[in-house]
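Below you'll find the structure, written out as structure tokens, and then a few comments.
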Ligand SMILES: C[S@@+](CC[C@H](N)C(=O)[O-])C[C@H]1O[C@@H](n2cnc3c(N)ncnc32)[C@H](O)[C@@H]1O
């Protein structure tokens, strides 16, 4: 695995493109695998027939694990074209999975995405996006980071049906992440702690307007 010299690289499209080109054929799951969180994630998604969008899919096994568990429609996007081509080729035996090279911040410009999904899944993708601010004070993130987070949630709001859910797995503690999930158009946020030792979190928020 190619680790960046500085965390800020996790917010750089070029870093991911090169990393996945170098890791072609490999699988890596950030934070948690599906097996680790199956019961709580299944409950958060709310049904195997839900239409899912996997945001920043990377080379995680999550999509394939969901398909093998019976989920019928998982669309996977990432802005690194190298990983989308690799994952598409490796999972041609799983018709529940579709793959597309796409920047999350281009979603509101694409009418095909409007209210298309029941659930938007994010495992570690926001964490990569905000990495550029990792040298800043986490208690008072720079305005550019705050603006980017709310832009991100506006993309999620656009692609979800009313009543659809944002489901987010992260290392970020509620003090730092909850306020961003409580974005315009979303209802109350629920937080579930995952695992023992180092704690990860699962956030859910429903699109209500
Ligand atoms: C920390 S990795 C998480 C990968 C995977 N979700 C997992 O759980 O293992 C972050 C992923 O988000 C992708 N990503 C970051 N910013 C993105 C954006 N603006 N649009 C699409 N994908 C993005 C990266 O290419 C990378 O694959």
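Residue numbers (UniProt numbering): 1 to 209. All residues carry an ideal CB built from backbone N, CA and C; glycine is no exception. None of the values given here were measured: they were computed from a predicted structure.
On the three-pair Cβ rule with 8 Å, is the segment 173-183 touching the segment 4-20? no
Quick check on residue 128: buried or exposed, where buried means 16 or more other Cβ atoms within 10 Å of its Cβ? buried
Look up residue 79 in the DSSP assignment and say whether it is helix, strand or coil. coil
Using only the heavy atoms of ligand 1, determine whether one of them is closer than 8 Å to the beta carbon of residue 48. no
Could you tell me the distance, in whole angstroms, from the CA atom of residue 162 to the CA atom of residue 197? 36 Å
Check whether the Cβ of residue 24 lies closer than 8 Å to any heavy atom of ligand 1, and answer yes or no. no
With a threshold of 16 other CB atoms inside 10 Å of the CB of residue 28, please say whether the residue is buried or exposed. exposed
Say yes only if the C-beta of residue 125 is nearer than 8 Å to one or more non-hydrogen atoms of ligand 1, and no if none qualify. yes
Along the chain, where does the beta strand (DSSP E) containing residue 211 start, and where does it finish? For the chain, the structure presents residues 1 to 209; residue 211 sits outside this window and is missing.
Residues in its own chain within less than 6 Å of residue 21 by CB, not counting five upstream and five downstream? 82
So, for residue 157: in the same chain, excluding its five sequence neighbours on each side, which residues have a beta-carbon less than 8 Å away from its beta-carbon? 183, 184, 185, 186, 207
Residue ranges of each alpha helix (DSSP H) run of no fewer than 4 residues wholly in the segment 29-72, ordered along the chain? 34-45, 62-68
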